[in-house]
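Colleague: At position 338 of the sequence shown (counting the first as 1) the number is 338 in the UniProt record's numbering, and the numbers step up by one without a gap.
We treat Cβ as the ideally placed atom computed from N, Cα and C, and that holds for glycine.
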Amino acid sequence: MRANSAPDAPQASTFADGLESPWGMEFMPDGSLLVTERRGRLRMISADGREISSVQGVPRVDHRDHGGLLDVTIDPAFASNRLVYLSYTKAGRGLHVDRNGLTVARARLSDDGSRIDELKVLFRQTPGAVNGQNLGGRLAVSADGHLFVTIGDRHAPQDRMRAQALAYYQGKTVRIRTDGTVPDDNPFAAGHGARPEIWSRGHRNPQGAFVHPRSGQLWIAEHGPQGGDEINIVRRGLNYGWPVVTFGCEYDTCARIGEGTSKRGMEAPLAFWKAPKIAPSNLILYTGDQFPAWKGNIFVGALAGKAVWRFELAGEDNTPRVVRREALFAELGERIRDLRQGPDGSLYLLTDGAKARIVRVARADSML
């Protein structure tokens with residue numbers, strides 16, 4: 001679909017299809033793509049989008065509700081070590097088989113991309129929860145070898161305040177080394193009743209994350225309840241408010257949640273949406289050359305909103321402000337589950353659902 005007839009106008013076309021309930025994707029150095037499907041398949045898509053194969057060796061997952069095989073990302077030194085990271089929900093054991101917890105594992109991808117081996121669990125959310133909602137599950141690896149994991153509050157209203165409690169993983173971002181150990185400079189590494197992996201708290205359901213290449217800060221996009229979706233710049237040890245403060249309200253009744261929209265000691269979002277909710281998925285920083293006017297912009301996928309939001313920023317990397325935002329590609333009419341910048345500077349949009357596809361957005365003159 002072409003926004004206008006100019007040669008540099010963005011045009012959307014199908015790159016690959018035939019995907020079943022995908023959740024995350026990651027580009028490989030050679031331009032091929034790894035894509036997860038929630039029922040437990042890891043797919044390899046060739047750089048031209050024409051060939052799709054299944055990667056063997058994936059761990060068993062619990063795909064109830066919103067769970068299953070979720071995100072995939074690769075190590076900064078993937079070209080030499082072939083390491084990939086997966087997030088997924090895993091059922092409990094024994095008396096707790098009805099509970100699942102977000103799990104993060106590392107594995108080594110074979111040279112031919114046909115299987116993963118040497119699987120090692122790096123992190124497991126304990127205790128688990130009976131429902132499979134508000135999981136979070138996005139992964140982001142920093143250049144200095146730290147792995148960030150987003151974890152939702154698990155959608156149990158009676159347990160919402162666990163997002164504020166440092167004894168629980170719900171409603172947190174966590175930071176570990178890529179071998180699963182806890183960095184000494186984590187804010188709660190000393191323990192004293194807190195989970196040492198915790199990096200920040202007060203999150204509802206963060207499904208988007210990236211590490212800014214210049215500032216090193218973690219940026220996340222998170223679902224509010226009815227409205228109140230947010231973009232946050234996450235800093236060490238800080239509190240992002242949920243469920244004490246929010247711009248959203250209860251489903252159905254839109255009754256007030258918490259104490260309002262701000263409180264001393266709780267961080268305000270960089271941006272937010274009031275009702276109706278857009279249900280943000282992943283977010284990225286665009287750094288490519290194909291669309292020079294977009295360089296430095298933030299792009300956020302929308303599930304309920306069925307669009308991609310573009311944010312223009314001003315100011316320093318650590319203290320930016322939004323100067324403009326707009327919804328793009330609503331004409332596709334599809335839920336956007338993930339999005340990535342391709343090696344050529346194109347945008348790649350992963351749609352949601354049982355019959356999903358990857359849409360490539362490129363300059364009109366590059367599609368000829």
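What is the DSSP secondary structure of Met266, reduced to helix, strand or coil?
Modeller: Looking up residue 266 in the sequence shown gives position 266. In this structure, Met266 counts as coil in the three-state DSSP scheme.
Colleague: Counting along the chain, where does the alpha helix (DSSP H) carrying Asn297 start and finish?
Modeller: Taking the first residue of the sequence shown as 1, we reach residue 297 at position 297. Run containing Asn297: none; DSSP gives neither H nor E here.
Colleague: Excluding sequence positions up to five away, which residues of its chain have a Cβ less than 6 Å from the Cβ of Asp159?
Modeller: As a first step, residue 159 must be located in the sequence shown, where it is residue number 159. Within the same chain, Asp159 has no close Cβ partners at all.
Colleague: When you measure from the CB of Arg60 to every non-hydrogen atom of the ligand SAM, does any distance come out below 7 Å?
Modeller: Within the structure as shown, the ligand SAM is missing, as the structure has no ligands at all.
Colleague: Report the three-state DSSP secondary structure of Arg138 (helix, strand or coil).
Modeller: Reading the sequence shown from its first residue, position 138 is the one you call residue 138. In the three-state DSSP reduction, Arg138 falls in the strand class (E or B).
Colleague: If we count the other Cβ atoms within 10 Å of its Cβ and call it buried at 16 or more, is residue 369 buried or exposed?
Modeller: Since the displayed the chain opens at 1 and closes at 368, residue 369 lies outside it and no answer follows.
Colleague: For Glu316, does the three-state DSSP call read helix, strand or coil?
Modeller: To locate residue 316, count along the sequence shown from 1; it is residue 316. Correct three-state label for Glu316: coil.
Colleague: Per DSSP, Asn205 is paired with what?
Modeller: Counted from its first residue, the sequence shown places residue 205 at position 205. BP columns for Asn205 point to His223.
Colleague: Could you tell me how far apart the beta carbons of Arg363 and Pro10 are, in whole angstroms, since I believe they sit closer than 8 Å?
Modeller: Mapped onto the sequence shown, residue 363 falls at position 363. Mapped onto the sequence shown, residue 10 falls at position 10. Going by Cβ atoms, the distance from Arg363 to Pro10 rounds to 7 Å, so yes, they are a contact pair.
Colleague: In whole angstroms, what separates the C-alpha of Ala194 from that of Lys172?
Modeller: Here the question's residue 194 lines up with position 194 in the sequence shown. Here the question's residue 172 lines up with position 172 in the sequence shown. Cα-Cα distance, rounded: 12 Å.
Colleague: If you compare alpha carbons, which of Glu230, Val58, Ser54 and Leu69 is closest to Gly24?
Modeller: Position 24 of the sequence shown, counted from the first residue, corresponds to residue 24. Ranking the options by Cα distance to Gly24, first place goes to Leu69.
Colleague: Can you tell which of Arg335, Trp294 and Ser346 has the C-alpha that lies nearest to the C-alpha of Ser21?
Modeller: Here residue 21 refers to the residue found at position 21 when the sequence shown is read from its first residue. Of the listed residues, the one whose Cα sits closest to Ser21 is Arg335.
Colleague: Specify the secondary structure class of residue 441 as computed by DSSP and reduced to three states.
Modeller: Any question about residue 441 goes unanswered here, given that the chain covers just 1 to 368.
Colleague: Give every residue of the same chain whose Cβ lies closer than 8 Å to the Cβ of Asn100, excluding the five residues on either side of it in the sequence, and list them in chain order.
Modeller: On the sequence shown, position 100 is the one that residue 100 refers to. Here the set comprises Asp62, Arg64, Gly67, Thr89, Lys90, Ala91, Gly92, Gly128, Ala129 and Gly132.
Colleague: Considering only DSSP beta bridges, list what Trp309 is partnered with.
Modeller: Your numbering for residue 309 matches position 309 in the sequence shown. Trp309 pairs with Val300 and Ala327.
Colleague: Does the Cβ of Val323 have 16 or more other Cβ atoms within 10 Å, making it buried, or fewer, making it exposed?
Modeller: By one-based count along the sequence shown, residue 323 stands at place 323. Exposed, by the Cβ-count rule.
Colleague: Could you have a look at Gln56 and say whether DSSP puts it in helix, strand or coil?
Modeller: By 1-based counting over the sequence shown, the position of residue 56 is 56. Correct three-state label for Gln56: strand.
Colleague: Which of helix, strand or coil does DSSP assign to Asp71?
Modeller: Residue numbering aside, residue 71 sits at position 71 when the sequence shown is read from its first letter. Of the three classes helix, strand and coil, the one that applies to Asp71 here is strand, per DSSP.
Colleague: Opposite Cys249 in the DSSP bridges: which residues?
Modeller: Here the question's residue 249 lines up with position 249 in the sequence shown. Beta-bridge partners assigned by DSSP to Cys249: Gln226 and Arg256.
Colleague: Going by the beta-carbon positions, is the gap between Glu197 and Val234 smaller than 8 Å?
Modeller: For the purposes of this step, residue 197 is taken as the residue at position 197 of the sequence shown. For the purposes of this step, residue 234 is taken as the residue at position 234 of the sequence shown. Taking 8 Å as the Cβ cut-off, Glu197 and Val234 do not qualify as a contacting pair.
Colleague: Among the residues of its own chain, which have a CB less than 7 Å from the CB of Ser262, if the five just before and after it don't count?
Modeller: Taking the sequence shown and counting its residues from 1, the one referred to as residue 262 is at position 262. Contacts found: Val245 and Ala268.
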